[in-house]
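Under full-length UniProt numbering, the sequence shown has 73 at position 73, and the numbering climbs by one with no breaks. Down below is the structure, laid out as structure tokens.
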Amino acid sequence: MSRQLSHELEVNVPASEAWELYGRLGLAKLLVEDGSIVEKIEVIEGDGGIGTILKKTYTPGSHGFSVQREKFTKYDNEKRMKELEVMEGGYLDLGLTLFRVRFEIIEKDNDSCIIKSTIEYDIKEEAVANTSDVTTDLVAKIGEIAKNYLIKNKATKNAQ
């Protein structure tokens, strides 16, 4: 059984600035610095492009998981889109056979963009009861952390 959820967040910065954060490993570093969701991220392989493998250790109590491994499976600099799939841990431990997240930075105008986060997942029939745990809460919180950083960064650049 396949399902999809999405979340959109408008940010008053140019799409190029948001993509600079989301594009490679900048977002991962920001999440570790913030500490509210992720305690540690190890880059197992790669530089943030296709094939990059990360091991995320979640901050205790921030989410229902402790560790997950994920791999970047798509990366399109022109479309400002990247996709990752969980390889081990996380929602896969609840009976999902696929958990994929796509981040897209959509230009709204010169000074604003939309961060669109899409979750796609497949679940075994016997694990359908666990799907209530699959929400956009985590990608929404990641979006808010990114938005706050980007706006703060923009204000700092404008003040200089």
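Virtual Cβ for every residue (Gly too), placed ideally from N, Cα, C.
Taking only the alpha-carbon atoms, compute the straight-line gap between residue i and residue j and give it to the nearest angstrom.
i: Gly64; j: Lys147; result: 24 Å
i: Glu104; j: Ala15; result: 10 Å
i: Gln68; j: Leu25; result: 16 Å
i: Glu8; j: Glu126; result: 31 Å
i: Asp111; j: Trp19; result: 13 Å
i: Ile106; j: Ser62; result: 28 Å
i: Val11; j: Glu144; result: 9 Å
i: Ser66; j: Leu138; result: 14 Å
i: Gly48; j: Gly23; result: 8 Å
Please look up how many angstroms separate the CB atoms of residue i and residue j, rounded, as I've assumed it's under 8 Å.
i: Ser2; j: Asp93; result: Not a contact, Cβ separation roughly 19 Å.
i: Lys71; j: Glu85; result: 6 Å
i: Ser6; j: Lys116; result: 6 Å
i: Leu31; j: Ile142; result: 7 Å
For the beta strand (DSSP E) containing residue i, name the first residue and the last one.
i: Val32; result: Not the beta strand (DSSP E): Val32 falls in the alpha helix (DSSP H), residues Gly26 to Asp34.
i: Val101; result: Leu96 to Asp109
i: Val67; result: Val67 to Asp76
i: His7; result: Ser2 to Val11
i: Thr118; result: Ser112 to Ile123
i: Leu54; result: Ile53 to Tyr58
i: Leu84; result: Met81 to Gly89
i: Ile41; result: Val38 to Glu45
Leaving aside the five residues before and after residue i along the sequence, list all residues of the same chain whose C-beta is less than 6 Å from its C-beta, in chain order.
i: Glu42; result: Lys55
i: Asn77; result: none
i: Glu45; result: Ile53
i: Gln4; result: Glu120
Could you pull out every residue in the same chain whose Cβ sits closer than 7 Å to the Cβ of residue i, ignoring the five residues on either side in sequence?
i: Thr59; result: Gly35, Ser36, Ile37, Val38 and Glu39
In the DSSP assignment, find the alpha helix (DSSP H) that holds residue i and state where it starts and stops.
i: residue 161; result: There is simply no residue 161 to check, as the chain begins at 1 and stops at 160 in what is shown.
Taking the alpha carbon of residue i as the point to measure from, which residue in the options has its own alpha carbon closest?
i: Leu27; options: Ser66, Pro14 and Tyr149; result: Tyr149
i: Met81; options: Asn110, Thr118, Phe99 and Ala129; result: Thr118
i: Gly90; options: Ile145, Thr135 and Lys79; result: Thr135
i: Val128; options: Thr156, Leu138, Thr97 and Arg102; result: Thr97
i: Ile50; options: Ser66, Tyr75, Cys113 and Glu33; result: Tyr75
i: Glu17; options: Cys113, Gly48, Lys124 and Ser132; result: Cys113
Skipping 5 residues on each side, what residues in its chain have a beta carbon closer than 8 Å to that of residue i?
i: residue 187; result: With the chain covering only 1 through 160, there is no way to say anything about residue 187.
i: Lys79; result: Glu104
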